[in-house]
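The sequence shown: position 158 = 159 (the numbering used here), numbered continuously.
Comments concern the structure below.
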Amino acid sequence: MQRVLSRQLPTHIGATVRIAGWVHRRRLLKSVAFLIVRDATGLAQVVITDPATRTVVEQLTEESAVEVTGTPVAQPAAPAGVELTDPRVRLLGAPAVPPPFDLYRPALTASLPTQLDHAAVALRHPTRAAALRISAAAVAGFRSALDGQGFVEVHTPKIVGSSTESGATVFALDYFGRPAYLAQSPQFYKQLMVGVFERVYEVGPVFRAEPHDTVRHLAQYTSLDAELGFVTDHRDVMAVLRDVLAGMLAEVSVRAGGALATLGLAVPSVPAEIPALHFTEALAVAGAPDDEPDLAPAHERAVGEWAAREHGSDFVFVTGYPMAKRPFYTHPDPARPAYSNGFDLLFRGVELVTGGQRLHRYDDYLAALAARGEPVGAYTGYLDGFRHGMPPHGGFAIGLERFVARLVGATNVREVTAFPRDLNRLTP
């Protein structure tokens, strides 16, 4: 008999079906027992009145894997409006060791460090699993939106020979007796691939050895990168990003509707034109001094509140960051060379995306590196591509975990990360 998933039960009323999953909860009353079975699609309620079957259920432990054969009948009070009657219950494997916290409760009551220590079972909780389903749907939307605009997915090295891409601390490793590093981003490679396909994107891990211990930083996270050629300036990149965000959220609505319902969420709308402030205007909105070199988290929150108040938008661009705060490959604003053709996108008051227009002339790279006292030799393989003709181009990178955290309202990015790596955590 073919297995039926819990969400499919309403279409099998009156038939004999086989379900399988984990013991989510047991309720042993005097004259009847209830077994709640959890599978990948939801919960199924099993009603037990037979004494022999009740004896089997009494011996089960929560999270044991079981198979149940029975007849679905309509029951409005049960999950999905259906319950299984006249069941036969079979244990699949050994009884499970009960988890260190209750998974049947609406919310996990264990502290976040305890959940992370026991991630293998904590992630089974419907709310934790829902966040990961939303993450998967967001990635699918990212790919679909860019595929629809003629982008090509690429896969670039995560072991690199240079440690100076962004100024952030890097993880060093021994590469057959030579020094190497875990990649901080695919930035250099995706730029070079513009010379091949014009429009490229990548979904992959990046590594940052910055000693941050905050609710918004990870040592390893998933970066959604895109780069496109033949742009006029950074505004072309911002237009693509806007459409990508809309596509990601649309796919979340379609693919992860059940997860959104579990968390009681609705996806925000993306304005046809996301409001934008120049960096100098953002400082004014935030009440920051004119000579502030960057936006602090409090400034970002103030700008996010301004966007919500003045434009009803959860998203806002901040453009024209000072060149001194941007990587050497950033293109300056021709009209205001001290400022860049770069941008950040804030989502509900937190930086989500960094992007902008890049330099594309070889001589400009030599000048930019010289101005920062950077040795050209470390970038030979990268710079060589620009000697052979590159178009004006730009791109952006979205931090997936931070995106999902803001979307679901998590206070800590680790709440939406399956097995986070940070300053203190290397296991499980």
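In this text, a Cβ means the ideal position worked out from N, Cα and C, and glycines have one as well.
Best match in the options for proximity to residue i [C-alpha to C-alpha]
| i | options | result |
| --- | --- | --- |
| residue 6 | 63, 34, 84 | 84 |
| residue 53 | 302, 41, 34, 38 | 34 |
| residue 268 | 195, 225, 349 | 349 |
| residue 282 | 139, 102, 264, 307 | 307 |
| residue 355 | 363, 344, 362 | 344 |
| residue 422 | 14, 75, 68, 211 | 211 |
| residue 16 | 4, 71, 363 | 71 |
| residue 189 | 392, 384, 257, 99 | 384 |
| residue 411 | 28, 131, 389, 26 | 131 |
| residue 159 | 338, 173, 218, 361 | 173 |
| residue 286 | 271, 274, 310 | 310 |
| residue 418 | 136, 195, 214, 153 | 136 |
| residue 202 | 303, 226, 21 | 226 |
| residue 122 | 25, 183, 153 | 25 |
| residue 318 | 347, 338, 51, 12 | 347 |
| residue 12 | 118, 82, 204, 197 | 82 |
| residue 280 | 322, 230, 301 | 322 |
Residue i versus residue j - alpha carbon distance
| i | j | result |
| --- | --- | --- |
| residue 96 | residue 386 | 59 Å |
| residue 251 | residue 47 | 35 Å |
| residue 207 | residue 223 | 6 Å |
| residue 330 | residue 380 | 11 Å |
| residue 155 | residue 90 | 48 Å |
| residue 276 | residue 398 | 19 Å |
| residue 77 | residue 128 | 23 Å |
| residue 424 | residue 288 | 32 Å |
| residue 162 | residue 177 | 12 Å |
| residue 23 | residue 38 | 5 Å |
| residue 316 | residue 74 | 46 Å |
| residue 126 | residue 109 | 7 Å |
| residue 255 | residue 115 | 32 Å |
| residue 235 | residue 273 | 17 Å |
| residue 191 | residue 228 | 6 Å |
| residue 326 | residue 295 | 7 Å |
| residue 324 | residue 341 | 5 Å |
| residue 263 | residue 120 | 19 Å |
| residue 63 | residue 139 | 32 Å |
| residue 239 | residue 249 | 15 Å |
| residue 377 | residue 366 | 9 Å |
| residue 427 | residue 28 | 38 Å |
| residue 391 | residue 364 | 12 Å |
| residue 400 | residue 40 | 30 Å |
is_contact[residue i, chain B] using C-beta, thresh 8 Å
| i | result |
| --- | --- |
| residue 274 | You won't find chain B in this structure, because it holds only one protein chain. |
With 16 other Cβ atoms within 10 Å as the buried cut-off, status of residue i
| i | result |
| --- | --- |
| residue 36 | buried |
| residue 260 | buried |
| residue 1 | Outside the displayed span of the chain (2 to 429) sits residue 1, for which this structure offers no information. |
| residue 185 | buried |
| residue 333 | buried |
| residue 291 | exposed |
| residue 233 | exposed |
| residue 31 | exposed |
| residue 320 | buried |
| residue 393 | buried |
| residue 20 | buried |
| residue 314 | buried |
| residue 359 | buried |
| residue 59 | exposed |
| residue 374 | exposed |
| residue 2 | exposed |
Where residue i falls: helix, strand or coil (DSSP)
| i | result |
| --- | --- |
| residue 40 | strand |
| residue 381 | helix |
| residue 154 | strand |
| residue 172 | coil |
| residue 329 | coil |
| residue 46 | strand |
| residue 396 | strand |
| residue 60 | coil |
| residue 177 | coil |
| residue 12 | helix |
| residue 3 | coil |
| residue 301 | helix |
| residue 404 | helix |
| residue 323 | strand |
| residue 30 | coil |
For this session: Let me know the beta strand (DSSP E) ranges lying completely inside the stretch 193-277, each 3 residues or longer, listed in chain order.
Result: List check, beta strand (DSSP E) in window: 200-208, 221-230.
Exercise. Quick one: complete alpha helix (DSSP H) runs, 4+ long, within the stretch 73-155?
Worked result: The DSSP assignment places 113-118, 120-123, 127-148 as complete runs of the alpha helix (DSSP H) inside the stretch 73-155, in order along the chain (cut-off: 4 residues).
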